[in-house]
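What follows is a short report on a single structure.
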Amino acid sequence: MIEIPSDLHPDLVPLAFLLGNWAGAGVHDFPGSEKCNFGQEVSFSHDGRDFLEYHSHTWVLDNDGNKVRPLETESGFWRIDKDRNVEIVMTRDDGVVEVWYGRMADKKPQIDVVTDAVARTGASGPYSGGKRLYGYVKSDLMWVGEKQTPEVELRPYMSAHLKKVVTPEEVERWAKALPDDMPDDGIAFFK
Numbered sequence: 001m002i003e004i005p006s007d008l009h010p011d012l013v014p015l016a017f018l019l020g021n022w023a024g025a026g027v028h029d030f031p032g033s034e035k036c037n038f039g040q041e042v043s044f045s046h047d048g049r050d051f052l053e054y055h056s057h058t059w060v061l062d063n064d065g066n067k068v069r070p071l072e073t074e075s076g077f078w079r080i081d082k083d084r085n086v087e088i089v090m091t092r093d094d095g096v097v098e099v100w101y102g103r104m105a106d107k108k109p110q111i112d113v114v115t116d117a118v119a120r121t122g123a124s125g126p127y128s129g130g131k132r133l134y135g136y137v138k139s140d141l142m143w144v145g146e147k148q149t150p151e152v153e154l155r156p157y158m159s160a161h162l163k164k165v166v167t168p169e170e171v172e173r174w175a176k177a178l179p180d181d182m183p184d185d186g187i188a189f190f191k
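Last residue of the sequence shown: number 191 in full-length UniProt numbering, and the count goes up by one each step with no gaps.
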């Protein structure tokens with residue numbers, strides 16, 4: 001269910017599907033790096049201004065699905081204009097700062113972005129740009145990232161399937177919003 005908070009900046013309504021906390025797993029595979037499965041936690045939040053705040057933490061998973069060590073951390077700010085053009089400013093823990101531009105698809109919650117600018121610190125590894133695709137599919141958030149370096153052409157390197165994390169407070173709020181005449185057996189509700 002996509003909920004649009006009453007204090008969400010009107011420009012951000014097309015991005016409302018991203019709001020909340022997400023968790024799931026994916027695959028990381030890029031030449032020169034360890035191929036692995038990873039876990040991910042993502043949050044998109046807002047404070048009433050014209051951007052979403054974004055945080056992502058990933059970690060390597062062992063064969064049993066246990067956390068082994070951190071993989072990547074990134075944070076940033078997402079904006080969208082009236083023509084569904086999306087811009088993202090993102091900082092990553094490896095010393096990379098990126099500006100992403102792209103577009104939200106017409107009539108579906110899907111966002112394609114590419115890097116427009118990349119700045120790197122001396123400690124960061126080689127990196128020259130990337131592409132990402134985010135989509136809201138059957139109430140889940142899915143994404144795939146591509147990256148390139150001076151030595152490696154643009155290619156997929158990470159993808160994940162994330163589920164919305166529901167807090168006890170959200171369950172309580174939803175329960176209070178149920179109609180008083182809800183049938184006890186639950187079956188009659190669907191007739």
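The beta carbon of each residue, even a glycine, is placed where N, CA and C say it ideally should be.
The structure displayed is predicted, hence computed values, not measured ones.
Rounded to the nearest angstrom, how far is the Cβ of PRO168 from that of PRO150, given a contact under 8 Å? The Cβ separation is near 48 Å, so there is no contact.
Pair every Cβ in the stretch 29-39 with every Cβ in the stretch 2-18, then say whether three or more of these pairs are closer than 8 Å. No: fewer than three Cβ pairs fall under 8 Å.
Rounded to a whole number of angstroms, what is the C-alpha to C-alpha distance between ASP29 and ASP94? Straight-line Cα distance between these residues: approximately 17 Å.
Collapsed DSSP secondary structure at GLU169 in the structure displayed: GLU169: helix per DSSP, three-state reduction.
Tell me which residues share the same chain as VAL60 and place their Cβ nearer than 7 Å to its Cβ, disregarding the 5 neighbours each side in the sequence. Result list for VAL60: CYS36, PHE38, VAL68, ARG69 and LEU71, in chain order.
From VAL86 to GLU172, what does the alpha carbon distance come to, in whole angstroms? One C-alpha to the other measures close to 34 Å.
According to DSSP, simplified to helix, strand and coil, what is VAL97? In the structure shown, VAL97 sits in a strand (DSSP, three-state: E or B).
Taking 7 Å as the threshold (C-beta atoms), are GLY122 and LYS147 in contact? LYS147 is not a Cβ neighbour of GLY122, given a cutoff of 7 Å.
Under 7 Å, do TRP78 and TYR101 count as touching if we go by C-beta distance? No.
Could you give the C-beta distance for GLY76 and THR58, rounded to a whole number, given that I count them as a contact under 8 Å? A Cβ-Cβ distance of about 15 Å is found for the pair GLY76 and THR58, leaving them out of contact under the 8 Å criterion.
State the start and end residues of the unbroken beta strand (DSSP E) segment that holds SER56. SER56 -> beta strand (DSSP E) spans 52-61.
Can you check which of these residues, ASN66, LEU141 and ASP62, is closest to ILE111 by C-alpha distance? The shortest Cα separation from ILE111 among ASN66, LEU141 and ASP62 belongs to LEU141.
With 16 as the cutoff for other CB atoms within 10 Å, does GLY65 come out buried or exposed? With fewer than 16 other beta carbons inside 10 angstroms of its own, GLY65 counts as exposed.
Less than 7 Å between the beta carbons of VAL96 and ARG132, yes or no? In this structure, ARG132 does not lie closer than 7 Å to VAL96 by Cβ.
Please classify LEU19: does DSSP put it in a helix, a strand, or coil? Looking at LEU19 - three-state DSSP - the assignment turns out to be coil, as it is neither helix nor strand.
So the candidates are GLY48, VAL118 and LYS164; which of them puts its Cα closest to the Cα of SER6? Answer by Cα proximity: GLY48.
Which residues bound the beta strand (DSSP E) around HIS46? Looking at the DSSP string, HIS46 is not in any beta strand (DSSP E), and its letter there is neither H nor E.
If we ignore side chains and look at the alpha-carbon of each, how far apart do LYS108 and SER124 end up? Cα to Cα, the separation comes out at about 36 Å.
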